[in-house]
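Numbering of the sequence shown is given in the working numbering, commencing with residue 179 and proceeding in unit increments.
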Amino acid sequence: MKISTKGRYALRMLIELAAHQEEGFMSLKEISEHQGISKKYLEQIVPMLNKNGILRTNRGNKGGYMLAKSPRECTVGDVLRATEGSLAPVACLEYEVNDCPRAESCATLYVWQGLQKAVESYLDSVTIQDILDRNAGNAGNDYCI
């Protein structure tokens, strides 16, 4: 499995929003400038995050974007499923029902199921808040003697 630029940029966008959540809504222009991501690219990501209940939008003068839920409730798994779709390592596991004609006799199916379970378990255990906390813990440790 390879995470696309869309998934990585969506995560960066949400971390930016979480870091500034006390300030209210942020414009795409601000996010773009802070993260070095084109505004046009962010515009493609917003509908996916909005559709999946991850973003809140507000139009108008003080409009922009903010997280729809607490950074403690939003996991990396949520973000990647919204932007990447299924996190399945093989096509036959992309849907709830495995309709592969070889599923019952597939010698390697358990390997792919185990991999999917491990990936999903890990990604669902890491929240946006965890990322913020880890980055805050590393702040100031970039000095030279």
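Backbone N, C-alpha and C define an ideal beta-carbon position, used for all residues, glycine too. Bear in mind that the values here come from a model prediction, so they are computed numbers and not experimental data.
- Query: Distance, Cα to Cα, Glu-200 vs Ala-296?
  - Reply: One-based indexing of the sequence shown puts residue 200 at position 22. One-based indexing of the sequence shown puts residue 296 at position 118. For Glu-200 and Ala-296, the distance between alpha carbons rounds to 34 angstroms.
- Name, in chain order, the residues that DSSP records as bridge partners for Gly-242. One-based indexing of the sequence shown puts residue 242 at position 64. Paired residues: Asn-236.
- Quick one: grab the DSSP three-state call for Met-226. Along the sequence shown, one-based indexing puts residue 226 at 48. Three-state result, Met-226: helix.
- Message: Considering just the uninterrupted stretch of the alpha helix (DSSP H) at His-212, what are its terminal residues?
- Response: Here residue 212 is taken as the residue at index 34 of the sequence shown, counted from 1. Counting along the chain, the alpha helix (DSSP H) containing His-212 begins and ends at 206-213.
- Message: Buried or exposed, going by whether 16 or more other CB atoms sit within 10 Å of the CB of Arg-250?
- Response: Here residue 250 refers to the residue found at position 72 when the sequence shown is read from its first residue. Arg-250 comes out exposed.
- Opposing strand residues paired with Thr-253 [DSSP bridges]: Position 75 of the sequence shown, counted from the first residue, corresponds to residue 253. Answer by DSSP bridge pairing, in chain order: Thr-305.
- Query: So, helix, strand or coil for Cys-278, using DSSP?
  - Reply: Numbered from 1 along the sequence shown, position 100 holds the residue referred to as residue 278. It is coil, neither helix nor strand.
- Work out the CA separation of Leu-220 and Ile-209 for me, nearest whole Å. Within the sequence shown, the letter at position 31 stands for residue 209. Within the sequence shown, the letter at position 42 stands for residue 220. Approximately 9 angstroms between the Cα atoms of the pair.
- Message: Using the Cβ count rule (16 or more neighbours within 10 Å means buried), how would you classify Gly-242?
- Response: Taking the sequence shown and counting its residues from 1, one reaches residue 242 at position 64. Classification for Gly-242: buried.
- Would you mind working out which of Val-257, Leu-206, Gly-214 sits nearest Ser-229, comparing C-alpha positions? Translated into the one-based positions of the sequence shown, residue 229 becomes position 51. Per the sequence presented here, residue 229 reads as Lys, with Ser not at that position. The shortest Cα separation from Lys-229 among Val-257, Leu-206, Gly-214 belongs to Val-257.
- Task: Determine the extent of the alpha helix (DSSP H) in which Thr-286 is found, giving its start and end residues.
- Result: Position 108 of the sequence shown, counted from the first residue, corresponds to residue 286. That residue, Thr-286, is in no alpha helix (DSSP H); it is neither H nor E in DSSP.
- Query: Got a sec? Which residues, its chain only, sit under 8 angstroms from Lys-240 by beta carbon, not counting five neighbours each side?
  - Reply: Numbered from 1 along the sequence shown, position 62 holds the residue referred to as residue 240. Only Gly-202, Phe-203 meet the Cβ criterion.
- Which residues bound the alpha helix (DSSP H) around Ala-197? In the sequence shown, the residue the question calls residue 197 occupies position 19. Note, Ala-197: alpha helix (DSSP H), 183-197.
- Message: Could you tell me the alpha carbon to alpha carbon distance between Ser-283 and Gly-238, rounded to whole angstroms?
- Response: Here the question's residue 283 lines up with position 105 in the sequence shown. Here the question's residue 238 lines up with position 60 in the sequence shown. Whole-angstrom Cα-Cα distance: 57 angstroms.
- CA-to-CA distance, Thr-286 to Ile-309, given in whole angstroms: Mapped onto the sequence shown, residue 309 falls at position 131. Mapped onto the sequence shown, residue 286 falls at position 108. Looking at the two C-alpha atoms, the distance is approximately 34 angstroms.
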